[in-house]
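Asks: Protein chains in written order, with my numbering: chain A, 267 to 404; chain B, 267 to 404; chain C, 267 to 404; chain D, 267 to 404.
Glycine included, every Cβ here is placed at the ideal spot set by N, Cα and C.
Protein chains: 4
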Amino acid sequence: MKKLVRFGVSLDHHLLNDFDRLIAGRKYTNRSEALRDLIRDNLVGHEWDEDKETVGTITFVYDHHVRDLTRKLTDIQHRYQSLILSGMHVHLDHDHCLEVLVVKGKGSEIKTVSDELIGTKGVKHGKLTATTTGKGLS
Amino acid sequence: MKKLVRFGVSLDHHLLNDFDRLIAGRKYTNRSEALRDLIRDNLVGHEWDEDKETVGTITFVYDHHVRDLTRKLTDIQHRYQSLILSGMHVHLDHDHCLEVLVVKGKGSEIKTVSDELIGTKGVKHGKLTATTTGKGLS
Amino acid sequence: MKKLVRFGVSLDHHLLNDFDRLIAGRKYTNRSEALRDLIRDNLVGHEWDEDKETVGTITFVYDHHVRDLTRKLTDIQHRYQSLILSGMHVHLDHDHCLEVLVVKGKGSEIKTVSDELIGTKGVKHGKLTATTTGKGLS
Amino acid sequence: MKKLVRFGVSLDHHLLNDFDRLIAGRKYTNRSEALRDLIRDNLVGHEWDEDKETVGTITFVYDHHVRDLTRKLTDIQHRYQSLILSGMHVHLDHDHCLEVLVVKGKGSEIKTVSDELIGTKGVKHGKLTATTTGKGLS
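1. Does residue 400 of chain B get closer than 8 angstroms to chain A when you measure Cβ to Cβ?
2. For the beta strand (DSSP E) containing residue 348 of chain B, list its first residue and its last residue.
3. My output table needs one value for residue 306 of chain A: the three-state DSSP class, helix, strand or coil.
4. Relative to the alpha-carbon of residue 343 of chain B, which residue among B:381, B:372, B:357, B:315 has its alpha-carbon at the smallest distance?
5. Suppose you measure from the CA of residue 339 of chain A to the CA of residue 367 of chain A; what does that come to, to the nearest Å?
6. Alpha carbon to alpha carbon, how far is residue 341 of chain D from residue 320 of chain B? Give it in angstroms, no decimals.
7. To the nearest angstrom, report how far apart residue 354 of chain A and residue 354 of chain B are at their CA atoms.
8. Less than 8 angstroms between the C-beta atoms of residue 294 of chain A and residue 388 of chain A, yes or no?
9. Determine, using beta carbons only, whether residue 275 of chain C comes closer than 8 angstroms to chain A.
10. Kindly indicate the opening and closing residues of the alpha helix (DSSP H) around residue 377 of chain C.
11. Kindly list, in the order they appear in chain B, the residues whose Cβ is closer than 9 angstroms to that of residue 269 of chain D.
12. Check whether the Cβ of residue 284 of chain B lies closer than 8 angstroms to any Cβ atom in chain D.
13. Nearest to residue 359 of chain D by CA position, among C:370, C:337, C:359, is which residue?
14. What is the DSSP secondary structure of residue 287 of chain D, counted as helix, strand or coil?
15. Below 8 angstroms between beta carbons: does that hold for residue 285 of chain C and residue 392 of chain C?
16. Would you decide whether residue 275 of chain A is buried or exposed? Buried here means 16 or more other CB atoms lie within 10 Å of its CB.
17. Which of the residues in the stretch 297-321 of chain B, read from start to end, lie with their CB under 8 angstroms from any CB of chain A?
18. Just to confirm, is the Cβ distance from residue 400 of chain A to residue 317 of chain B under 8 angstroms?
19. What does the Cβ neighbour count give for residue 379 of chain D, buried or exposed, with the cut at 16 atoms within 10 Å?
20. List the residues of chain B whose Cβ lies closer than 9 angstroms to the Cβ of residue 337 of chain D, in chain order.
21. So that I know if they touch, is there some Cβ in chain C lying closer than 8 angstroms to that of residue 383 of chain A?
22. Is the beta carbon of residue 311 of chain D closer than 8 angstroms to that of residue 292 of chain C?
23. Please report the residue range of the beta strand (DSSP E) in which residue 269 of chain A lies.
24. Reducing DSSP to helix, strand and coil, say where residue 330 of chain B ends up.
25. At the level of alpha carbons, what is the spacing between residue 307 of chain B and residue 403 of chain D?
26. Please list, in chain order, the chain B residues whose beta carbon lies closer than 9 angstroms to that of residue 272 of chain D.
27. Could you tell me if residue 408 of chain D is buried or exposed, where buried requires 16 or more neighbouring beta carbons within 10 angstroms of its beta carbon?
28. Of the choices D:324, D:372, D:297, whose alpha-carbon is the least far from that of residue 395 of chain C?
29. Kindly give me the distance between the Cβ atoms of residue 271 of chain C and residue 352 of chain D, rounded to whole angstroms, as I take these residues to be in contact under 8 angstroms.
30. Could you name the residues of chain C that residue 372 of chain D contacts, counting a contact when the two beta carbons are closer than 7 angstroms?
31. Any idea which residues DSSP pairs residue 278 of chain C with across the strands?
32. Nearest by alpha-carbon distance to residue 304 of chain B: which of D:322, D:281, D:313 is it?
33. Taking C-beta pairs closer than 7 angstroms, name the residues in chain C that residue 360 of chain D reaches, listed in chain order.
34. Assuming residue 358 of chain D is part of the beta strand (DSSP E), what are its boundary residues?
35. Thinking residue 289 of chain C and residue 302 of chain C are a contact (beta carbons under 8 angstroms), I'd like their distance in whole angstroms, please.
36. Give the residues of chain B in contact with residue 288 of chain A, contact being defined as C-beta atoms less than 7 angstroms apart.
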């Protein structure tokens with residue numbers, strides 16, 4: 267069950283003003299929510315450092331005209347299919363495809379899949395984004 | 267048309283050995299490909315610094331039981347629908363959803379969409395990943 | 267004058283527990299202090315994005331046996347001496363020197379100095395660290 | 267002894283043009299040097315991931331009027347003096363001091379020193395910068 271705790275934070279009023287202005291620029295309507303986001307982002311980073319089960323997205327852009335590339339990328343995905351939850355394919359223009367995969371596993375396993383896809387010849391750009399299963403980040 | 271240029275790079279042999287070991291660990295089969303990836307990643311960073319038209323993915327995780335959250339997130343996406351190319355929704359567990367959006371526009375516009383989604387109360391974690399249209403990154 | 271403001275933050279108790287464990291591992295003795303640090307770090311990032319007057323440190327490592335390198339690095343520093351507050355030189359081993367410069371100016375100016383030093387042939391590694399004048403970060 | 271190896275890299279001519287323009291903006295006079303820097307920066311990141319002996323700089327800004335703060339920061343430095351090679355102190359203005367320490371040891375040890383200093387109440391901003399002993403980065 268969800269149990270909210272309330273606690274007090276002391277801040278210099280200048281620091282608080284600056285922070286309020288910053289988060290307003292980022293469209294936050296609520297100071298607690300902005301602080302929770304800072305806290306959660308730190309915890310997610312820690313989750314990855316500790317190599318716990320977590321979730322990441324792998325984004326990569328490639329030219330589908332490159333001979334054999336689509337087949338190679340599919341093969342890699344099949345090899346790691348127990349880790350890959352889902353994928354989306356977007357046609358950016360006549361030549362370029364973008365794929366995003368949602369991958370669940372230990373941080374180190376997700377990195378292996380990501381390295382293999384991004385290292386494939388013909389992939390023009392790729393990035394692994396560390397996110398979370400959401401559990402424990404109430 | 268694609269025109270390949272070949273040029274020489276001089277490296278100390280220790281540095282080259284270390285690099286070859288590093289990229290083997292990252293599953294590269296080819297040194298040129300690894301160098302091209304380093305170069306392209308630098309160019310993509312620059313593309314974003316200059317606020318040119320580019321592509322990003324926005325990943326966010328939330329608890330769909332939070333009252334009214336799904337509706338709010340959908341509203342934001344409709345407001346920016348001219349920028350959002352595509353979206354994917356994954357059910358991580360009984361409570362948690364992950365969404366990834368592929369967004370195309372100026373870097374600053376993509377950041378606005380991202381700030382608004384990630385700042386929404388109830389979104390537990392979010393990240394903007396800067397990638398590219400692929401154009402000019404031959 | 268320093269005026270402290272106190273305000274309440276609501277957090278789920280699981281999230282708070284996780285955060286308390288994380289900051290204990292980072293040697294914080296005080297939750298408010300940890301939150302202030304997260305807030306200040308965000309504000310410093312913003313200060314640099316806005317190109318305001320700020321402070322950075324430039325760290326670089328080089329082999330002082332490389333012909334003419336020391337002279338080149340000194341020349342660059344003299345050209346930008348109005349920005350450079352101070353410098354420190356450490357002998358890492360028989361060959362390698364590390365220098366750290368403390369630089370004050372607009373973010374873009376500090377980046378120019380940093381690019382020029384780090385781009386000099388013979389500099390093996392260099393990094394610009396964004397920090398702050400401390401003003402307004404009460 | 268230093269032994270240079272020369273090898274060829276193939277790049278599309280558009281990609282090469284874009285890279286040449288990018289590195290010219292960063293004041294590189296030489297394409298090989300720019301590539302070596304990309305390679306070395308990757309190797310340094312890896313050195314830290316593997317927790318080998320390495321070098322970092324710890325930068326922190328604080329208000330020296332905060333009661334007892336200077337003493338606390340000095341105490342921490344003495345506790346870790348076997349790791350700290352050197353330090354520099356800069357007076358930023360009437361209130362604010364910046365210190366940079368050059369620290370040598372395993373990455374994890376350097377992080378401990380950094381966490382303890384940056385977590386001290388009254389330190390307004392701090393950053394650990396990962397660099398290198400220079401060895402093996404010929």
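Replies: Taking the structure as given:
1. Working through the second sequence from its first residue, we reach residue 400 of chain B at position 134. Yes, contact with chain A.
2. Within the second sequence, numbered from 1, the residue matching residue 348 of chain B stands at position 82. Looking at the DSSP string, residue 348 of chain B is not in any beta strand (DSSP E), and its letter there is neither H nor E.
3. Counting from one through the first sequence, the residue named residue 306 of chain A turns up at place 40. Note: residue 306 of chain A maps to helix in three-state DSSP.
4. Position 77 of the second sequence holds residue 343 of chain B. It is B:381 whose Cα lies nearest to the Cα of residue 343 of chain B.
5. Locating residue 339 of chain A in the first sequence gives position 73, counting from the first residue. Locating residue 367 of chain A in the first sequence gives position 101, counting from the first residue. Spanning the two alpha carbons is a distance of roughly 12 angstroms.
6. Position 54 of the second sequence holds residue 320 of chain B. Position 75 of the fourth sequence holds residue 341 of chain D. Near 50 angstroms, if we compare the C-alpha coordinates of residue 341 of chain D and residue 320 of chain B.
7. If you number the first sequence from 1, residue 354 of chain A lands on position 88. If you number the second sequence from 1, residue 354 of chain B lands on position 88. Roughly 7 angstroms between the two C-alpha positions.
8. Within the first sequence, numbered from 1, the residue matching residue 294 of chain A stands at position 28. Within the first sequence, numbered from 1, the residue matching residue 388 of chain A stands at position 122. No, these two residues do not count as a Cβ contact at 8 angstroms.
9. To locate residue 275 of chain C, count along the third sequence from 1; it is residue 9. Judged by the 8 angstroms Cβ criterion, residue 275 of chain C is in contact with chain A.
10. Along the third sequence, one-based indexing puts residue 377 of chain C at 111. Unbroken alpha helix (DSSP H) run through residue 377 of chain C: 373-384.
11. Position 3 of the fourth sequence holds residue 269 of chain D. Near residue 269 of chain D (Cβ distances below 9 angstroms), the residues of chain B are 278, 279, 280.
12. Position 18 of the second sequence, counted from the first residue, corresponds to residue 284 of chain B. For residue 284 of chain B, the answer is yes, since a Cβ of chain D falls inside 8 angstroms of its Cβ.
13. Here residue 359 of chain D refers to the residue found at position 93 of the fourth sequence. Considering only alpha carbons, the answer is C:370.
14. By 1-based counting over the fourth sequence, the position of residue 287 of chain D is 21. Helix, per DSSP.
15. Your numbering for residue 285 of chain C matches position 19 in the third sequence. Your numbering for residue 392 of chain C matches position 126 in the third sequence. No; because the gap between Cβ atoms is not below 8 angstroms, this pair is not in contact.
16. Within the first sequence, residue 275 of chain A is the residue found at index 9, counting from 1. So residue 275 of chain A ends up on the buried side.
17. 299, 300, 303, 306, 307, 310, 321
18. In the first sequence, the residue the question calls residue 400 of chain A occupies position 134. In the second sequence, the residue the question calls residue 317 of chain B occupies position 51. No; because the gap between Cβ atoms is not below 8 angstroms, this pair is not in contact.
19. As a working note, residue 379 of chain D is residue 113 in the fourth sequence. So residue 379 of chain D counts as buried.
20. Counted from its first residue, the fourth sequence places residue 337 of chain D at position 71. Correct list: empty, because the minimum Cβ distance to chain B is about 39 angstroms.
21. As a working note, residue 383 of chain A is residue 117 in the first sequence. No, no contact with chain C.
22. Counting from one through the third sequence, the residue named residue 292 of chain C turns up at place 26. Counting from one through the fourth sequence, the residue named residue 311 of chain D turns up at place 45. The answer is no: Cβ separation not under 8 angstroms.
23. Position 3 of the first sequence, counting from 1, holds the residue named residue 269 of chain A. Element bounds for residue 269 of chain A: n/a, residue is neither H nor E.
24. For the purposes of this step, residue 330 of chain B is taken as the residue at position 64 of the second sequence. Of the three classes helix, strand and coil, the one that applies to residue 330 of chain B here is coil, per DSSP.
25. In the second sequence, residue 307 of chain B corresponds to position 41, counting from 1. In the fourth sequence, residue 403 of chain D corresponds to position 137, counting from 1. Those two C-alpha atoms are separated by around 22 angstroms.
26. Stepping through the fourth sequence from its first residue, residue 272 of chain D is reached at position 6. Ordered by position in chain B, the residues that pass the 9 angstroms Cβ test against residue 272 of chain D are 274, 275, 276, 277.
27. Since the displayed chain D opens at 267 and closes at 404, residue 408 of chain D lies outside it and no answer follows.
28. Mapped onto the third sequence, residue 395 of chain C falls at position 129. Residue 395 of chain C has its Cα closest to that of D:324, out of D:324, D:372, D:297.
29. For the purposes of this step, residue 271 of chain C is taken as the residue at position 5 of the third sequence. For the purposes of this step, residue 352 of chain D is taken as the residue at position 86 of the fourth sequence. Going by Cβ atoms, the distance from residue 271 of chain C to residue 352 of chain D rounds to 39 angstroms, so no, they are not a contact pair.
30. Taking the first residue of the fourth sequence as position 1, residue 372 of chain D is located at position 106. The premise fails here: residue 372 of chain D is roughly 16 angstroms from chain C at the closest Cβ pair, so nothing lies under 7 angstroms.
31. As a working note, residue 278 of chain C is residue 12 in the third sequence. Partner(s): A:270.
32. The count along the second sequence starts at 1 and reaches residue 304 of chain B at position 38. Nearest option by C-alpha distance: D:281.
33. Your numbering for residue 360 of chain D matches position 94 in the fourth sequence. Within 7 angstroms Cβ-Cβ: nothing; residue 360 of chain D doesn't reach chain C, min ~10 angstroms.
34. As a position in the fourth sequence, residue 358 of chain D is number 92, starting the count at 1. Counting along the chain, residue 358 of chain D falls outside any beta strand (DSSP E), and DSSP gives it neither H nor E.
35. If you number the third sequence from 1, residue 289 of chain C lands on position 23. If you number the third sequence from 1, residue 302 of chain C lands on position 36. At roughly 12 angstroms, the Cβ-Cβ gap does not stay under 8 angstroms, so residue 289 of chain C and residue 302 of chain C are not in contact.
36. Locating residue 288 of chain A in the first sequence gives position 22, counting from the first residue. By Cβ distance, chain B contributes nothing, its closest Cβ being about 11 angstroms from residue 288 of chain A, past 7 angstroms.
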